[in-house]
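Residue numbers (the UniProt record's numbering): 1 to 191.
C-beta atoms are modelled at their ideal positions from N, C-alpha and C, and glycine is treated no differently.
Source: prediction; values computed, not measured.
Only one structure is covered here, and it is reproduced in the block below.
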């Protein structure tokens, strides 16, 4: 087993997505490390805009990353139909890539329109905007009650706060029924 390097795996996966012309953005803990404080994460979360016809190409390409890597093509096709999640496990590192199939709702379309390009080792990588990451974390917090999501939100507000579009953020939080939670976090940071 090689030294675990999520960035190396991320770049391999992003290259595959780009070559297959599959629109995507990075979200979750890896994106928190870009917009907030670096933190460890057990997986790489990627939202993808994909049609079922491209799943076979994607699974074949991912299997080339690691000979013993695991991805179930049937589960991936079912995930596309249901707008759900499937994953790839890289046997060389033990890291998991969670692919979240884009839902057809307005919020998902907005997230894709607001994704932000960053360069990692000269390669273009697209990330969820920090505002949309905060909104996503607010939703996850409401579903799981995990303080990890609140800590991630605080981290993003502290590190990226001056660059954030607070009008967009507050409007989005209000639409999601999460404005009170966001306001409590902001008050806590101000004190």
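query	result
In chain order, what residues of the same chain have a beta carbon less than 8 angstroms from the beta carbon of residue 158, not counting five sequence neighbours either side?	36, 37 and 189
Cβ atoms of residue 26 and residue 46: under 7 angstroms apart, would you say?	yes
Three-state secondary structure (DSSP) at residue 185?	helix
Using a 10 Å radius around the Cβ and a threshold of 16 neighbouring Cβ atoms, would you call residue 111 buried or exposed?	buried
Go ahead and pull the three-state DSSP assignment for residue 110.	helix
Tell me whether residue 93 sits in a helix, a strand or coil according to DSSP, three-state version.	coil
Per DSSP, residue 85 is paired with what?	100
What's the gap between the Cα of residue 185 and the Cα of residue 73?	41 angstroms
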